[in-house]
Structure formats: structure tokens, C-alpha cells
Amino acid sequence: MSKERKVIRTKRLYKKEHHTKWIGKALFILLLAALVGLGYLVSREWSEYFRLGREESSLPEESSAPSLPEVSEPAPVSSEPVSSQPPALPVLQYQGAVMPVGEMWRTGDSLAAYFQSLREAGYNAVCIDLKTEDGRVLYDTAIEDAHLWGAVTESPADVDALVKAAKEAGLAPIARISALRDPKAPHVDRENSFGFNNSVEYNWLDDSPANGGKAWLNPYMPKARAYVSAFCSEAGGKGFEAILLTNVNFPTKNTTQQMGTLTTSTLSREEILTQLVEECQTAAGAVPVRSCYNAAWAYSWDTCDTPYRYGGGENKRAPLLNLDAIAANRAEICARLGFAAESGSVPAELGMDAILSAMLNPDDAPVIRQVDLPIVQPVLEAKGIQSYLVY
């Protein structure tokens, strides 16, 4: 029986030294490769960043690439407070003629020839009636109330053609609108007139019906002011370069007999008329509105303090000059102007030119009779008045 072999176990028995060594080396190589790759990527990003930075800093101030069409930069926003006051309206410098109503139905060559004759006479403007003091509306207005109340004339004139032809002839078209003297529109039922004895049932008239008494629009009534303003708005949108408001005043006859304003307003007559003109100006937008008043009546009627009461104000007055009417009221006018002595007598040598000079100021744009122009025009030149209309 053979002797059993004895196996001697040492500390190195069963250890996988060879395999362990290669696994460690592989892990080391992989880790090294990962570190190298990561370093490459990072260095590439940083290199790209710094390269771009160097290129941008080296670009010229103006690129040599083809330029695009210039686009204007928006205006910088001002830090200054914006004024609440409306911008001042331009001062028109016109020497115009009032177009007779009968000429408004001219068309074609006939109309062009008429406007050309005004241009050759030295005028640069023409005044065209839109609404007359008898309440008639002479063009085909879009104002519904004018049609409803029978104010639009049966065969209205083509005001758009008139404006176009005037401009083609080199004339500035000016609209004329009768404000409060209007016998067609006012009625107590429409809440736009004066009431008899302050009643809401009966119209007040400026004379008895037997004498042809007429109703008037009442400026204290919002609907009356809105009606007048609507015409100014329409005129402003039709190309007129100025608007002349006439009859911006209270009735001049029968004024103390049972006339009620049908309002509790505390505004004075001057203030409410000024409000009317301001509302008309707002409606007309950028088109200047002037208030025309009868100068002789304004300076002779004892209840009238100043022509400014008609809502004209600075740069908005258009005094209607009639030398016959001024001469007929010479004493009253001179007393108001301070020319009359304490006894009321007027110096005989006081001429019409001195009276006119005292009545007018440089901001006026008077309306003058053709027959009076030779006397009035030198006064206008002396006062520096460059705008006027001739009728």
C-alpha cells in the first residue's frame, strides 16, 4: 500500500495573480483615455471661446458686407413732461374772396374758369358757404339731423368738387358756417332752442310770427352746440384749410321779451359762446376755426363789452367790416373806443382810418366789402394784418 502523498499548502495557493494584474492595467488605460478625451474636449471649447473673442475684437468698426437700406431709428423718448395744452394752430395768411352762393353750382370748365379769375385778381383763397343764416345746408351732408329737419337744399352743390377745383387753381378753400342764427334746426322738442317764457312747450322767436319771427339755436343746449360742431367736423374732413363761423352770438332783436335759455348753467353769455367755438375747434381738428362778428354792431350795442365775447379770442377773430354801418354808429363806436369827449361829441377830423385802426388788432382776419377795400387795405398793412376775405 503506497504511502499517501502529503499536499503542502502555501500562502500563494489559489491566488489569480496573472488575471488581476491585467485587469488593473486595463482599468488604468481606460481611465487615462477618458481623462485625455475629457481634456481634449475642454481645451477645444476654451480654445474656440478665446479664438472667437480675438476675432470679434479685431473686426473693423464698419463691416465691408453689402449695406441694407437705411431704417430710421425711432426718436428717443423724452423724459420731459408732456404738455396738456393743445398745439398752437397755424396762422393763415390768405387774401380771399367769398364765393357767391349762386356760383356754387358751376361745374367743369366753368368752375375752373371762375376760380382762375379769382387767382388772376390776386386772391389766394376762396370762401365757400356750407350752412347759411337762413338754416339752409347747401351741400349733401352726412349729418342725419340736417336731412331730418329739412335743412338740406333740394339740389345740393358738390362741395368735394368745389374744394378740389379750388386747390387745382391754387386757392385755399375756406368753409363758412352760420352757427346760432338758424330758423330750420331749432325747436324746443329737439332740445336745442330758446323757450318762450322759459317754457319747454313753445319756441321763442326773435319777432312775432306775423313779422317773420325766427327761432335761434341756443348755445346753452348741448344738442345745439353738437349740431354746429358736426358741420365743423365735416368741413375739417373735406379738405378745407380754415373755417369761418358766423352768427356766434345771441339774438339781437326781441332779446328781453320772454326768452328763456332753458338751462341752469351758471356760465355767462361770453363763456358759453367761447365754449361753442372751442368745441367747434375740437371737432375741426387741425383746421383753424375763426369767429366772425359784425364789428359795427359789436362796438355800438350797449350790452356788448368786447368783440372777444363772441368766442374769438387771440388769433381767432374775424371782424365783419361795413364802413356804412360803422359810420351810422360812429358816435357809439367812438365812445367805446375812447375817442368821444365827455359831452359825447366826436372830433370832426377823426377819420375812418383812425377808427378802423383802433377797432382792429394784428391777430384779426377781417371780412371786408369789396367797395370798402381801398379804404381798409392801407389800415390792414399798417396793422400788419395779412389775412382777410372780401365779399
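Here the sequence shown is numbered in the working numbering, starting from 11 and rising by one per residue.
By construction, the Cβ of each residue, glycine as well, lies at the ideal position given by its N, Cα and C atoms.
Keeping to the same chain, check which residues put their C-beta closer than 8 Å to that of residue i; ignore five residues upstream and five downstream.
i: residue 233; result: 200, 201, 202
i: residue 121; result: 171, 172, 175
i: residue 61; result: Because residue 61 sits at a pLDDT of 41, beneath the cut-off of 50, its placement in the model cannot be relied upon, and the following sentence gives the value as read from the coordinates. Around residue 61: no qualifying Cβ.
i: residue 245; result: 140, 185, 187, 253, 294, 297
i: residue 211; result: 198, 205
i: residue 338; result: 306
i: residue 365; result: 336, 340, 343, 344, 347, 349
First and last residue of the alpha helix (DSSP H) that includes residue i?
i: residue 193; result: From DSSP, residue 193 is part of no alpha helix (DSSP H); its letter is neither H nor E.
i: residue 289; result: 279-294
i: residue 342; result: 340-347
i: residue 169; result: 169-178
i: residue 386; result: 383-393
i: residue 238; result: 232-246
i: residue 129; result: 118-130
i: residue 114; result: Note, residue 114: premise wrong, no alpha helix (DSSP H); not H, not E.
i: residue 368; result: 362-369
i: residue 155; result: 154-158
How long is the line joining the alpha carbons of residue i and residue j, rounded to whole angstroms?
i: residue 297; j: residue 359; result: 42 Å
i: residue 381; j: residue 304; result: 17 Å
i: residue 207; j: residue 307; result: 26 Å
i: residue 281; j: residue 392; result: 32 Å
i: residue 220; j: residue 268; result: 17 Å
i: residue 263; j: residue 143; result: 15 Å
i: residue 340; j: residue 386; result: 16 Å
i: residue 261; j: residue 398; result: 26 Å
i: residue 357; j: residue 291; result: 41 Å
i: residue 222; j: residue 394; result: 42 Å
i: residue 374; j: residue 334; result: 20 Å
i: residue 347; j: residue 159; result: 43 Å
i: residue 150; j: residue 350; result: 50 Å
i: residue 401; j: residue 310; result: 23 Å
i: residue 123; j: residue 345; result: 47 Å
i: residue 332; j: residue 237; result: 29 Å
i: residue 343; j: residue 189; result: 25 Å
i: residue 224; j: residue 355; result: 37 Å
i: residue 209; j: residue 226; result: 15 Å
i: residue 361; j: residue 299; result: 32 Å
Kindly list the residues whose CB is nearer than 6 Å to the CB of residue i, restricted to its own chain and excluding five residues on each side of it in sequence; keep chain order.
i: residue 135; result: 104, 106, 181, 182, 184
i: residue 273; result: 230
i: residue 293; result: 239, 242, 243
i: residue 111; result: 139
i: residue 179; result: 125, 126, 129
i: residue 363; result: 389
i: residue 133; result: 105, 106, 107
So, at 7 Å on beta carbons, what are the nonlocal neighbours of residue i in its own chain, with the 5 sequence-adjacent residues on each side left out?
i: residue 271; result: 204, 228, 230
i: residue 176; result: 125, 136, 183
i: residue 156; result: 147, 162
i: residue 145; result: 161, 192, 193, 194, 195
i: residue 396; result: 103
i: residue 235; result: 229, 286, 289
i: residue 91; result: Note that residue 91 scores 42 on pLDDT, short of 50, meaning its location in the model is unreliable; the coordinates nonetheless yield the value given after this. So the list is empty, once near-sequence residues are dropped.
i: residue 372; result: 393, 394, 395
i: residue 384; result: none
Since residue i is in the beta strand (DSSP E), which residue starts that stretch and which ends it?
i: residue 141; result: 135-141
i: residue 106; result: 105-108
i: residue 255; result: 252-256
i: residue 303; result: 299-304
i: residue 330; result: 327-331
i: residue 188; result: 182-188
i: residue 149; result: 147-149
i: residue 399; result: 398-400
Consider the C-beta atom of residue i and the heavy atoms of the ligand SAH; say whether any pair is separated by less than 7 Å.
i: residue 352; result: Judged by which ligands are present, the structure shown has none, so any question about the ligand SAH falls away.
How about the segment 275-285 and the segment 243-254: do they share at least three Cβ pairs that are nearer than 8 Å?
no
Using 8 Å as the cut-off, can you tell me whether the segment 164-178 makes contact with the segment 212-227, which would need three or more C-beta pairs spanning the two stretches below that distance?
Below 8 Å, too few C-beta pairs join the segment 164-178 and the segment 212-227 to call them touching: fewer than three.
For the segment 109-119 against the segment 369-388, do three or more pairs of beta-carbon atoms, one drawn from each stretch, fall closer than 8 Å, so that the two count as touching?
no
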